[in-house]
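Novice: There's a structure below that I have some questions on.
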Amino acid sequence: MAKFDTELMKRLIMAFGVSGNEEDVRDLIRKEIKPYVDEVYVDKIGNLIAVKKGDKPRVMLSAHMDEIGLLVKRISENGFMHCTAIGDVDAALMIGQTVHIKTLKGLLHGVITVGETSAGKVLKALPSIEDVIVDTGLSKKRLEELGIEIGTPLPLEHNSCCTSENGFIFGKALDNRVGCYVLIELARRLKKGKGRGIPEIYFVFTVQEEVGSRGAKPSAFNILPDWGLIIDATYANDSFDEPSRFVGKGPTITIKDGEFIGNKCINGWLRDIARKSKIPVQLEAIEMGTTDASMIQTTAGGIPTSVVCIPVRNIHTTIGVACIEDIENTILLLEEVMRKPPVVCLV
Numbered sequence: 002m003a004k005f006d007t008e009l010m011k012r013l014i015m016a017f018g019v020s021g022n023e024e025d026v027r028d029l030i031r032k033e034i035k036p037y038v039d040e041v042y043v044d045k046i047g048n049l050i051a052v053k054k055g056d057k058p059r060v061m062l063s064a065h066m067d068e069i070g071l072l073v074k075r076i077s078e079n080g081f082m083h084c085t086a087i088g089d090v091d092a093a094l095m096i097g098q099t100v101h102i103k104t105l106k107g108l109l110h111g112v113i114t115v116g117e118t119s120a121g122k123v124l125k126a127l128p129s130i131e132d133v134i135v136d137t138g139l140s141k142k143r144l145e146e147l148g149i150e151i152g153t154p155l156p157l158e159h160n161s162c163c164t165s166e167n168g169f170i171f172g173k174a175l176d177n178r179v180g181c182y183v184l185i186e187l188a189r190r191l192k193k194g195k196g197r198g199i200p201e202i203y204f205v206f207t208v209q210e211e212v213g214s215r216g217a218k219p220s221a222f223n224i225l226p227d228w229g230l231i232i233d234a235t236y237a238n239d240s241f242d243e244p245s246r247f248v249g250k251g252p253t254i255t256i257k258d259g260e261f262i263g264n265k266c267i268n269g270w271l272r273d274i275a276r277k278s279k280i281p282v283q284l285e286a287i288e289m290g291t292t293d294a295s296m297i298q299t300t301a302g303g304i305p306t307s308v309v310c311i312p313v314r315n316i317h318t319t320i321g322v323a324c325i326e327d328i329e330n331t332i333l334l335l336e337e338v339m340r341k342p343p344v345v346c347l348v
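Residues 2 to 348 (our numbering) make up the sequence shown, in order.
Dropping the structure here:
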């Protein structure tokens with residue numbers, strides 16, 4: 002197995018990137034991928050697009066770079082910041098966690114709480130996002146002097162990125178910084194191992210996936226690929242009695258989710274290459290949730306699209322758990338597909 006770049010993964014995890022505020026993580030990805038592609042640009046909605054010139058077909062590989070978080074909607078007179086959710090945030094899991102806030106004077110740390118918890122009372126019911134407040138210990142006047150106002154993003158804080166002895170990685174925003182890592186590393190390997198037959202590849206790092214996949218459709222409309230493949234994170238459920246998605250057993254290929262049905266041709270190609278290359282994969286059919294694929298698939302006259310996901314435990318919390326070998330097997334699978342791509346994939 003290739004050496005895992007822990008430092009790159011750590012930088013991706015630590016980068017700011019709440020939906021609608023992806024500038025920091027976008028700048029980092031641009032710097033990392035630029036040496037391995039022919040062109041890099043940002044479109045009008047904020048997606049980062051890196052182009053590797055090649056033969057037909059034109060392929061779009063996409064990973065969203067935004068993350069869930071909170072946003073200031075009101076500051077009370079005593080300095081508490083009342084919040085609205087960016088993405089699927091479970092308020093009950095946020096209590097006691099911290100955020101880091103960009104201010105005019107540098108980073109400011111805050112604690113997520115609710116009124117009852119702050120006052121030392123026992124919660125009688127699970128809190129909703131309307132109950133959540135962020136406490137920095139500063140007054141409203143001081144917060145405003147620091148440039149904090151309605152609309153200030155509040156990224157969840159957990160800057161550690163550590164690996165365990167048995168090959169697991171822990172960190173925040175693994176949904177979907179693992180996908181971003183995969184595409185950067187794939188671009189590097191394709192650059193290193195030049196050869197004929199590599200398609201024209203558009204590596205797309207989309208914005209605002211967590212709030213409705215708003216970056217995906219414009220990027221696909223502008224690129225108009227022959228087919229597309231989304232790289233994302235999926236919920237591992239191997240902590241349940243009857244699991245269907247395991248950490249450590251390879252990436253998943255999406256058959257369907259709540260709003261999307263995977264292209265049979267692309268899925269068949271992925272499975273065939275995985276079998277021939279002895280790369281473990283899992284099949285995923287779920288009732289809820291979706292990815293950028295549901296938007297890309299219905300762009301223009303329709304774009305054949307499928308999804309490959311890395312299973313992650315504790316998605317949408319301040320610290321997730323993923324398997325390095327799953328990440329590596331995702332890269333290997335995509336590298337093989339890019340070296341033997343289907344030219345046309347119809348339903």
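Ideal Cβ placement from N, Cα and C applies to all residues, glycine included.
(1) Nearest by alpha-carbon distance to phenylalanine 5: which of Pro156, Val179, Glu158 and Asp239 is it?
(2) So threonine 255 packs on serine 307, CB below 8 Å; how close in whole Å?
(3) From this set, Glu145, Leu71 and Thr153, which residue's C-alpha is nearest threonine 319's C-alpha?
(4) Reducing DSSP to helix, strand and coil, say where valine 183 ends up.
(5) Pull up the CB-CB distance for threonine 235 and glutamate 285, whole angstroms please, since I reckon it's below 8 Å.
(6) At 4 residues or longer, and completely inside the region 49-124: list those alpha helix (DSSP H) runs for me, N to C.
(7) Could you give the DSSP three-state label for proline 156: helix, strand or coil?
(8) Relative to the alpha-carbon of proline 200, which residue among Ala237, Ile69 and Asp227 has its alpha-carbon at the smallest distance?
(9) Have a look at the DSSP bridge pairing and note the partners of glutamine 1.
(10) Which residue spans inside the region 247-316 form an unbroken beta strand (DSSP E) run of at least 3?
(11) Quick check on the burial criterion: 16 or more other C-beta atoms within 10 angstroms. Buried or exposed for proline 244?
(12) Cβ atoms of valine 212 and leucine 351: under 8 Å apart, would you say?
(13) For phenylalanine 169, which three-state DSSP category applies?
(14) If distances are taken between C-alpha atoms only, which option among Gly148, Asn48, Gly259 and Ile102 comes closest to threonine 137?
(15) Look at the alpha carbon of leucine 157 and the alpha carbon of glutamate 68, and state the distance between them as a whole number of angstroms.
(16) Might you give, ordered along the chain, the residues of its own chain that have their beta carbon closer than 6 Å to the beta carbon of arginine 190, omitting 5 neighbours on each side?
(17) Measuring only the C-alpha atoms, how far is isoleucine 332 from alanine 3?
(18) What does the alpha-carbon distance come out to for the pair asparagine 22 and glycine 55?
(19) DSSP on isoleucine 46, reduced to helix/strand/coil?
(20) Throw me the rounded Cβ distance for the arginine 75 and isoleucine 151 pair, which I believe falls under 8 Å.
(21) What would DSSP say about phenylalanine 241, mapped onto helix, strand or coil?
(22) In terms of residues, what are the limits of the beta strand (DSSP E) holding alanine 323?
(23) Got a sec, what are the start and stop residues for the alpha helix (DSSP H) leucine 9 sits in?
(24) On the DSSP letters alone, give me the boundaries of the beta strand (DSSP E) that isoleucine 130 sits inside.
Specialist: Looking at the coordinates:
(1) Counting from 1 along the sequence shown, the entry for residue 5 is found at position 4. Closest by alpha carbon: Val179.
(2) As a first step, residue 255 is located in the sequence shown; it is residue number 254 there, counting from the start. As a first step, residue 307 is located in the sequence shown; it is residue number 306 there, counting from the start. Between serine 307 and threonine 255 the Cβ distance is about 7 Å, and since that is below 8 Å, they are a contact.
(3) One-based indexing of the sequence shown puts residue 319 at position 318. Ranking Glu145, Leu71 and Thr153 by Cα distance to threonine 319 puts Leu71 first.
(4) Numbered from its first residue, the sequence shown carries residue 183 at position 182. Three-state DSSP puts valine 183 in a helix.
(5) By 1-based counting over the sequence shown, the position of residue 235 is 234. By 1-based counting over the sequence shown, the position of residue 285 is 284. Yes, they are in contact, since the Cβ atoms of threonine 235 and glutamate 285 sit about 6 Å apart, within 8 Å.
(6) 92-95 and 116-119
(7) Here residue 156 is taken as the residue at index 155 of the sequence shown, counted from 1. In this structure, proline 156 counts as strand in the three-state DSSP scheme.
(8) The residue labelled residue 200 in the question sits at position 199 within the sequence shown. For the residues Ala237, Ile69 and Asp227, the minimum Cα distance to proline 200 belongs to Asp227.
(9) Outside the shown range of the chain (2 to 348) lies residue 1, about which nothing can therefore be said.
(10) 253-257, 283-286 and 306-314
(11) Residue mapping note: residue 244 aligns to position 243 of the sequence shown, counting from 1. That one is exposed.
(12) This structure gives no information on residue 351, because the portion of the chain shown stretches from 2 to 348.
(13) Locating residue 169 in the sequence shown gives position 168, where the first residue counts as 1. Residue state, collapsed to three classes: strand.
(14) Taking the first residue of the sequence shown as position 1, residue 137 is located at position 136. Nearest of Gly148, Asn48, Gly259 and Ile102 to threonine 137, Cα basis: Ile102.
(15) For the purposes of this step, residue 157 is taken as residue 156 along the sequence shown, with counting starting at 1. For the purposes of this step, residue 68 is taken as residue 67 along the sequence shown, with counting starting at 1. The straight-line gap from Cα to Cα measures roughly 9 Å.
(16) Here residue 190 refers to the residue found at position 189 when the sequence shown is read from its first residue. Here the set comprises Glu336.
(17) Locating residue 332 in the sequence shown gives position 331, counting from the first residue. Locating residue 3 in the sequence shown gives position 2, counting from the first residue. If you take the alpha carbons of isoleucine 332 and alanine 3, they lie about 10 Å apart.
(18) Here residue 22 corresponds to residue number 21 of the sequence shown, with the count starting at 1. Here residue 55 corresponds to residue number 54 of the sequence shown, with the count starting at 1. Answer to the nearest angstrom: the Cα atoms are 32 Å apart.
(19) Reading the sequence shown from its first residue, position 45 is the one you call residue 46. It is coil, neither helix nor strand.
(20) Position 74 of the sequence shown, counting from 1, holds the residue named residue 75. Position 150 of the sequence shown, counting from 1, holds the residue named residue 151. 7 Å between Cβ atoms; contact.
(21) For this step, residue 241 is matched to residue 240 along the sequence shown. DSSP places phenylalanine 241 in coil when its eight states are reduced to three.
(22) As a working mapping, residue 323 is identified with position 322 in the sequence shown. Where alanine 323 is concerned, the enclosing beta strand (DSSP E) stretches over 321-324.
(23) What you label residue 9 is simply residue 8 of the sequence shown in a count that begins at 1. Here the alpha helix (DSSP H) through leucine 9 covers 7-15.
(24) As a first step, residue 130 must be located in the sequence shown, where it is residue number 129. No beta strand (DSSP E) contains isoleucine 130, which DSSP labels as neither H nor E.
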